[in-house]
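Which chain is which? The protein sequence lines are U and D, in order.
The first sequence begins at 2 in the numbering used here and counts up one residue at a time.
The second sequence begins at 2 in the numbering used here and counts up one residue at a time.
Here a beta-carbon is modelled for each residue, glycine too, at the ideal position from N, C-alpha and C.
A quick write-up on the structure given underneath.
Number of protein chains: 2
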Amino acid sequence: MRILGIDPGSHVTGYGVIDKSGNYLRHVTHGEIKARRNSLLSEVLMDIFRELGAVIAENNPQTVSLENIFYGKNVRSLIRQAQVRGVVIYACAARGLPVFEYSPLEVKKAVVGYGRAEKRQVQIMVKAILKLDGLPPADAADALAAAICQANFMKEQPI
Amino acid sequence: MRILGIDPGSHVTGYGVIDKSGNYLRHVTHGEIKARRNSLLSEVLMDIFRELGAVIAENNPQTVSLENIFYGKNVRSLIRQAQVRGVVIYACAARGLPVFEYSPLEVKKAVVGYGRAEKRQVQIMVKAILKLDGLPPADAADALAAAICQANFMKEQPI
Chain U
2 MRILGIDPGS HVTGYGVIDK SGNYLRHVTH GEIKARRNSL LSEVLMDIFR ELGAVIAENN
62 PQTVSLENIF YGKNVRSLIR QAQVRGVVIY ACAARGLPVF EYSPLEVKKA VVGYGRAEKR
122 QVQIMVKAIL KLDGLPPADA ADALAAAICQ ANFMKEQPI
Chain D
2 MRILGIDPGS HVTGYGVIDK SGNYLRHVTH GEIKARRNSL LSEVLMDIFR ELGAVIAENN
62 PQTVSLENIF YGKNVRSLIR QAQVRGVVIY ACAARGLPVF EYSPLEVKKA VVGYGRAEKR
122 QVQIMVKAIL KLDGLPPADA ADALAAAICQ ANFMKEQPI
């Protein structure tokens with residue numbers, strides 16, 4: 002089972018791909034899609050659709066895992082992030098991939114063991130779980146964490 | 002100049018197309034894209050992309066006008082609406098259409114003359130301005146109002 006985790010953000014969208022076979026998890030790839038400076042929202046959305054499409058075509062995942070949007074931020078950035086997230090969900094659904102959603106609490110619990118973990122702890126635990134050589138960048142680490150969460154919990158109802 | 006106005010919503014996405022030549026506005030078409038009952042978010046997003054694509058292919062607009070998201074609603078429906086909106090912007094941008102954005106105040110002012118107008122007043126004024134036979138449904142009326150707003154104000158900076 003190959004899982005694509007995605008962390009959609011208004012400036013950086015992280016992604017990470019893992020394989021699950023039995024209880025064993027294997028790292029496949031990870032990276033970040035960054036908005037170019039001063040680009041329009043419409044350009045950002047087109048870039049994300051295209052680059053995510055390339056990641057999917059290259060890695061051929063069977064399922065996608067996303068973290069819920071965190072409600073604590075200001076409304077303007079919440080709206081921007083949700084707009085990106087809509088295109089991310091569409092990009093996966095348009096390629097026939099089921100998308101599953103986990104709360105930040107579920108994702109953090111899956112990798113760190115408790116829900117209040119900080120970004121750096123997530124990076125450290127993702128590195129340990131997937132036996133990476135170095136710390137993955139923060140948004141890619143969050144995406145890998147979402148993938149690990151799906152590998153552990155395997156929700157049945159896609160969004 | 003042919004303008005497509007869109008009112009993206011979590012349940013209903015209204016659209017309306019008008020022609021502007023000089024100061025004269027002509028109604029072309031309008032309608033609503035409704036989410037099927039119990040459909041998944043990913044299905045809703047795919048339906049909107051596909052149906053909006055058909056509207057664009059059929060009517061061949063040169064520019065798109067959207068109303069800003071209204072901040073007053075609850076966060077859950079705000080996020081859902083913004084996710085739809087992201088796909089709407091992407092669907093237009095992917096077809097090479099520039100997307101312009103107006104505040105609810107600007108849109109209401111463009112059709113009713115003041116910013117606190119109610120839904121029904123917008124429907125009545127849109128009907129009058131475009132010489133329609135009947136009241137358009139509320140979400141299509143909002144979309145036509147956004148198109149009328151773009152016809153009047155013609156912002157220069159797309160989103």
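Where the alpha helix (DSSP H) through residue 97 of chain D begins and ends
It is not in any alpha helix (DSSP H) - residue 97 of chain D carries neither H nor E in the DSSP assignment.
Where residue 101 of chain D falls, given that 16 or more other Cβ within 10 Å makes a residue buried:
Result: buried.
Would you list the one or two residues that DSSP bridges to residue 16 of chain D?
Under DSSP, residue 16 of chain D forms a beta bridge with D:7, D:32.
Quick one: residues in its chain with C-beta nearer than 6 Å to the C-beta of residue 6 of chain U, no 5 flanking neighbours on either side, listed in chain order?
The answer, listed in chain order, is 17, 66, 144, 145, 147, 148.
Pull out every residue of the region 87-113 of chain U whose Cβ sits closer than 7 Å to any Cβ of chain D, in chain order.
Residues 87, 88, 90, 91, 94, 95, 100.
Alpha-carbon spacing of residue 20 of chain D relative to residue 150 of chain D, whole angstroms:
Going from the Cα of residue 20 of chain D to the Cα of residue 150 of chain D covers about 12 Å.
Just grab the DSSP bridge partners of residue 65 of chain U for me.
Partner(s): U:5, U:100.
Could you give the distance in angstroms between the alpha-carbon of residue 58 of chain D and the alpha-carbon of residue 92 of chain D?
Between residue 58 of chain D and residue 92 of chain D, the C-alpha separation is close to 12 Å.
Using only alpha-carbon positions, find the residue among D:85, D:136, D:29 that is nearest to residue 44 of chain D.
The residue from D:85, D:136, D:29 with its alpha-carbon nearest to that of residue 44 of chain D is D:85.
What does DSSP give as the partner residue(s) for residue 42 of chain U in the beta ladder?
None; residue 42 of chain U has no bridge partner.
Taking 6 Å as the limit between beta carbons, can you name the residues of its chain near residue 64 of chain D, skipping five residues before and five after?
Counting only residues of its own chain and dropping the five nearest sequence neighbours on each side, residue 64 of chain D has a CB closer than 6 Å to the CB of 4, 99.
Nearest to residue 128 of chain D by CA position, among D:119, D:116, D:112, D:117, is which residue?
Nearest in C-alpha terms to residue 128 of chain D, of all of D:119, D:116, D:112, D:117, is D:112.
Alpha helix (DSSP H) segment containing residue 126 of chain D, residue limits:
Residue 126 of chain D -> alpha helix (DSSP H) spans 120-130.
To which residues does DSSP link residue 22 of chain U through a beta bridge?
For residue 22 of chain U, which the question treats as bridged, DSSP gives the partners U:25.
Closer than 8 Å to chain D by CB, residue 50 of chain U
Cβ-Cβ to chain D under 8 Å: yes for residue 50 of chain U.
Check the Cβ of residue 42 of chain D against every Cβ in chain U and list those closer than 7 Å, keeping chain order.
Residues of chain U passing the Cβ test: 90, 160.
Within 8 Å, strictly: CB atoms of residue 136 of chain U and residue 28 of chain U
Taking C-beta atoms as the reference points, residue 136 of chain U and residue 28 of chain U fail to come closer than 8 Å.
Within 9 Å of chain D by C-beta, residues of the region 70-81 of chain U in sequence order
So the list reads 70, 72, 76, 77, 79, 80, 81, given in the order they occur along the chain.
Kindly indicate which residue of D:53, D:126, D:32 has the alpha-carbon position closest to the one of residue 94 of chain D.
Closest in C-alpha terms to residue 94 of chain D, from the list D:53, D:126, D:32, comes D:53.
Measure from the alpha carbon of residue 10 of chain U to the alpha carbon of each residue in U:49, U:41, U:30, U:38, then state which is nearest.
Among U:49, U:41, U:30, U:38, the Cα nearest to that of residue 10 of chain U belongs to U:49.
Cut-off 6 Å between Cβ atoms - residues of its own chain near residue 126 of chain D, not counting five sequence neighbours on either side
Excluding sequence positions up to five before and after residue 126 of chain D, its CB lies within less than 6 Å of the CB of 112, 113, all in the same chain and listed in chain order.
DSSP three-state label for residue 91 of chain D, please.
Of the three classes helix, strand and coil, the one that applies to residue 91 of chain D here is helix, per DSSP.
Could you tell me the alpha carbon to alpha carbon distance between residue 116 of chain D and residue 109 of chain D, rounded to whole angstroms?
Near 5 Å, if we compare the C-alpha coordinates of residue 109 of chain D and residue 116 of chain D.
With 8 Å as the threshold, decide whether the Cβ of residue 5 of chain U is near any Cβ in chain D.
The C-beta of residue 5 of chain U comes no closer than 8 Å to any C-beta of chain D.
Would you decide whether residue 76 of chain U is buried or exposed? Buried here means 16 or more other CB atoms lie within 10 Å of its CB.
When all chains shown are included, residue 76 of chain U counts as exposed.
With DSSP run on the structure shown, which of helix, strand or coil describes residue 48 of chain U?
Of the three classes helix, strand and coil, the one that applies to residue 48 of chain U here is helix, per DSSP.
Counting only beta-carbon separations shorter than 8 Å, does residue 151 of chain D have a partner in chain U?
No, its Cβ sits nowhere closer than 8 Å to a Cβ of chain U.
Residue 120 of chain U: which of U:25, U:138, U:87 sits nearest, CA to CA?
Looking at the Cα atoms, U:138 is the closest of the given residues.
Would you please state the rounded distance, in angstroms, between the beta carbons of residue 159 of chain D and residue 131 of chain U? I believe it to be under 8 Å.
The beta-carbon separation of residue 159 of chain D and residue 131 of chain U, rounded to 41 Å, does not stay under the 8 Å limit for a contact.
Considering residue 145 of chain U, what are the terminal residues of the alpha helix (DSSP H) in which it resides?
Looking at the DSSP string, the run of the alpha helix (DSSP H) that includes residue 145 of chain U is 139-154.
Roughly how far, in whole angstroms, is the beta-carbon of residue 87 of chain D from the beta-carbon of residue 46 of chain U, given that I think they are within contact range, below 8 Å?
For a cut-off of 8 Å, the C-beta gap from residue 87 of chain D to residue 46 of chain U is around 6 Å, short enough to register as a contact.
Start-to-end residues for the alpha helix (DSSP H) that takes in residue 159 of chain U
Residue 159 of chain U -> no alpha helix (DSSP H), and no H or E assigned at all.
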